[in-house]
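**Student:** Position one of the sequence shown corresponds to residue 6 (the working numbering), numbered consecutively onward.
Here's a structure for you.
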Amino acid sequence: MTGEAVRDRPLPDGDPLRTDLHTHTDFSSDGHDSPGAVVAAAADAGLRTLVLTDHVRADTAHLPAYAEAVRAVRAAAPLEVVCGVEAKILDTGGRIDLPADLPGIEHVALADHRFPLPDGPAHPDAVRALLDEGRLAPDEALRLLVLATARAVERVPAGLTAHVAHLFSVLPKAGLDEEGVDAALLEPLVRACRERDAAVELNEKWRCPSVRTARLLHRAGVRLGAGSDAHRARDAGRFPWVARALAGATTEERCTS
6 MTGEAVRDRP LPDGDPLRTD LHTHTDFSSD GHDSPGAVVA AAADAGLRTL
56 VLTDHVRADT AHLPAYAEAV RAVRAAAPLE VVCGVEAKIL DTGGRIDLPA
106 DLPGIEHVAL ADHRFPLPDG PAHPDAVRAL LDEGRLAPDE ALRLLVLATA
156 RAVERVPAGL TAHVAHLFSV LPKAGLDEEG VDAALLEPLV RACRERDAAV
206 ELNEKWRCPS VRTARLLHRA GVRLGAGSDA HRARDAGRFP WVARALAGAT
256 TEERCTS
């Protein structure tokens, strides 16, 4: 995989609420507004940095046009605009559903749109069936998802920044929750994020990961970021739940004697 290495520092920088790591334009099948409209809304929201992360798959052919559109609006934008993509994690080896060539792409948002199993991405309903039939244990499912996410972070093409988008959003769809998540389970992901300086996003749309999980990541030295997952321009940079969750995850409880 190749891309144009353009970034010399990780994201987010400084106050995470001044950066929206996860937004969509009409280059995504479910986005509604142009890149220019999303940039304008992000500026109105007071953002310092906007990351555009339109969906891609291995066979996506519109990346040159997408990157050119982002370059055009960036030239006059009153904030930093990063040209990124959102791609799903495919399996426990960490394969990413990315095109082989990534012209103009600077950032990758890694997403659990399906449940990454050893033999490929599974629909959440299929995972729920495996759990119901006793062919997959809940703790093993959690372990596989964390391992897949960690390995995907490690496999992001050199020269690109990355973050983990809506961590654990697939769990409730498969009938699972985060009760079994602890520091030991998160260790592979912590290690990968720290080595690649990749943030984990708190996602406004899916309200995940939980504050408890985010606190474990923060205590382990993983950077937390904010993602609106905006599919309409007006939602860019608007994340009230994320603001509360970040405060809860990063504010240590006072010790009492």
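Glycine included, every Cβ here is placed at the ideal spot set by N, Cα and C.
Source: prediction; values computed, not measured.
Where does R259 fall in DSSP's three states?
**Tutor:** Model confidence at R259 stands at a pLDDT of 38, short of 50, so the residue's coordinates are unreliable; what they give is reported in the following sentence. DSSP places R259 in coil when its eight states are reduced to three.
**Student:** Which residue spans inside the stretch 111–149 form an unbroken beta strand (DSSP E) run of at least 3?
**Tutor:** 112–116, 120–122 and 125–127
**Student:** So what's K210 in DSSP terms, helix, strand or just coil?
**Tutor:** coil
**Student:** For R23, which of V78, V86 and A77 has the nearest alpha-carbon?
**Tutor:** V86
**Student:** Let's see if you can read the secondary structure: which residues bound the alpha helix (DSSP H) around E200?
**Tutor:** A188 to R201
**Student:** Along the chain, where does the beta strand (DSSP E) that runs through L229 open and close?
**Tutor:** L229 to G232
**Student:** Could you work out which residue in E91, D106 and D240 is closest to H168 when comparing CA atoms only?
**Tutor:** E91
**Student:** Could you check where the alpha helix (DSSP H) with H223 kicks off and where it finishes?
**Tutor:** V216 to R224
**Student:** How long is the line joining the alpha carbons of R62 and D102, rounded to whole angstroms?
**Tutor:** Taking the straight line joining both Cα atoms gives about 5 Å.
**Student:** Would the beta-carbon of A254 fall within 8 Å of that of A42?
**Tutor:** No, the Cβ-Cβ distance between A254 and A42 is not below 8 Å.
**Student:** From the DSSP output, in three-state form, read off D20 for me.
**Tutor:** coil
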